[in-house]
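Taking it in order: structure first as structure tokens, then the write-up.
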Amino acid sequence: MSEGSEDQKPAGENTESLLPIDEHIEEGQDAEGRKVRHRGIYLLPNLFTTANLFAGFYSIINAMNGNFYVAAAAVFVAMVLDSLDGRVARLTNTQSAFGAEYDSLSDMVAFGVAPALLAFEWALGSMGKVGWMVAFIYVAGAALRLARFNTQIGSVDKRYFIGLASPAAAGVVAGVVWAFSDFGIKGSNMAFAVALLVAAAGCLMVSNIKYYSFKDLDLKGRVPFVAILAVVLVFAVVFSDPPRILLLIFLAYAASGPVQYLLQLRRRKSA
Numbered sequence: 001m002s003e004g005s006e007d008q009k010p011a012g013e014n015t016e017s018l019l020p021i022d023e024h025i026e027e028g029q030d031a032e033g034r035k036v037r038h039r040g041i042y043l044l045p046n047l048f049t050t051a052n053l054f055a056g057f058y059s060i061i062n063a064m065n066g067n068f069y070v071a072a073a074a075v076f077v078a079m080v081l082d083s084l085d086g087r088v089a090r091l092t093n094t095q096s097a098f099g100a101e102y103d104s105l106s107d108m109v110a111f112g113v114a115p116a117l118l119a120f121e122w123a124l125g126s127m128g129k130v131g132w133m134v135a136f137i138y139v140a141g142a143a144l145r146l147a148r149f150n151t152q153i154g155s156v157d158k159r160y161f162i163g164l165a166s167p168a169a170a171g172v173v174a175g176v177v178w179a180f181s182d183f184g185i186k187g188s189n190m191a192f193a194v195a196l197l198v199a200a201a202g203c204l205m206v207s208n209i210k211y212y213s214f215k216d217l218d219l220k221g222r223v224p225f226v227a228i229l230a231v232v233l234v235f236a237v238v239f240s241d242p243p244r245i246l247l248l249i250f251l252a253y254a255a256s257g258p259v260q261y262l263l264q265l266r267r268r269k270s271a
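Residue 42 in the UniProt record's numbering is what sits at position 42 of the sequence shown, and the numbering runs on without skipping anything.
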């Protein structure tokens with residue numbers, strides 16, 4: 001009986017059972033709402049996600065070796081790659097549940113573990129147990145932020161993030177290390193200030209403060225000619241002094257949420 005049942009299996013199924021890695025099969029719906037099964041993964045968007053993961057890993061390796069300038073720059077490279085994978089997936093209609101999960105795991109490495117370890121190696125390590133506790137607060141905040149974001153997709157206003165986005169928080173932490181280490185300043189000399197900043201970034205990620213997401217910007221439509229001149233000007237300003245300019249940009253964005261929140265509270269009290 002057993003031999004007969006095995007003979008009736010499709011040839012492809014017997015071949016797959018011999019492979020050392022299982023094929024990814026994902027259930028979805030077609031245009032008419034019927035269930036369909038998709039085999040394999042989309043290559044193009046996941047290539048960007050893999051590059052994002054590698055940039056985070058590269059940052060960790062350089063932070064452990066004391067190359068803080070390179071480690072901080074790698075975090076910003078990861079941000080660019082992270083912004084591309086989702087847009088590429090939407091433009092090519094290659095979104096998938098696998099891609100979303102893979103993106104979150106990559107973000108956890110690039111914007112959770114990498115900035116925390118970078119700050120710890122540069123400044124927080126001199127504070128002993130307090131230093132690694134502060135670093136863990138940031139890591140936990142990033143993990144909780146990503147988990148909450150995944151559960152809120154489709155149920156919140158896409159124009160706003162609830163809590164500081166993990167790439168922006170990473171930009172604040174990595175920006176501080178990049179800007180000051182570029183001047184040759186030792187992190188141990190400003191460990192207390194770095195600890196406050198890292199802890200604040202971790203808490204802002206899990207807060208209910210709203211941040212503008214810029215997702216409603218139309219990047220495919222026509223814009224006035226002056227818009228491209230403005231973009232060129234922004235690039236010129238950023239590349240004139242990347243560490244300091246990027247730090248100022250991300251600090252301003254991180255502060256924009258609490259400032260808007262306090263202004264709303266003041267309006268409610270005066271109303």
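Just so it is clear, CB atoms sit at the ideal spot from N, CA and C, and this is done for glycine as well.
For F161, the uninterrupted beta strand (DSSP E) run begins and ends at Y160 to I162, by DSSP.
Secondary structure at K215: coil, using DSSP grouped into helix, strand and coil. Checking the DSSP bridge columns, you'll see K210 partnered with I162.
Closest by C-alpha distance to A165, out of A191, S59, M64 and C203, is C203. C-alpha of G187 to C-alpha of V172: approximately 15 Å in a straight line.
Between the alpha carbons of L84 and Y211 lies a gap of roughly 20 Å. Of all alpha-carbon atoms in A271, T151 and Y160, the one lying nearest the alpha-carbon of S213 is that of Y160. Residues G163 of the same chain have their beta carbon placed closer than 6 Å to that of S207, with the five preceding and five following residues left out of the count.
Distances from the CA of F136 to each of A114, A147, A252 and L247 were compared; the closest alpha carbon is that of A114. Residue state for K186 is assigned as coil, using DSSP reduced to three classes. With fewer than three CB-CB distances shorter than 8 Å, the stretch 87 to 97 does not count as touching the stretch 54 to 72. Cα atoms of V259 and V176: separation of roughly 21 Å, rounded to the nearest angstrom. Annotated as distal: F98 and L246, with beta-carbon spacing of 8 Å or more. Between W178 and A73, the gap from beta carbon to beta carbon is short of 8 Å.
Closest in alpha carbon position to K215, among K129, A168, D157 and P45, is D157. Within the stretch 116 to 160, no run of beta strand (DSSP E) reaches 3 residues while sitting entirely inside it. At a cut-off of 4 residues, the continuous stretches assigned as alpha helix (DSSP H) that sit fully inside the stretch 59 to 120 are 68 to 91 and 97 to 108.
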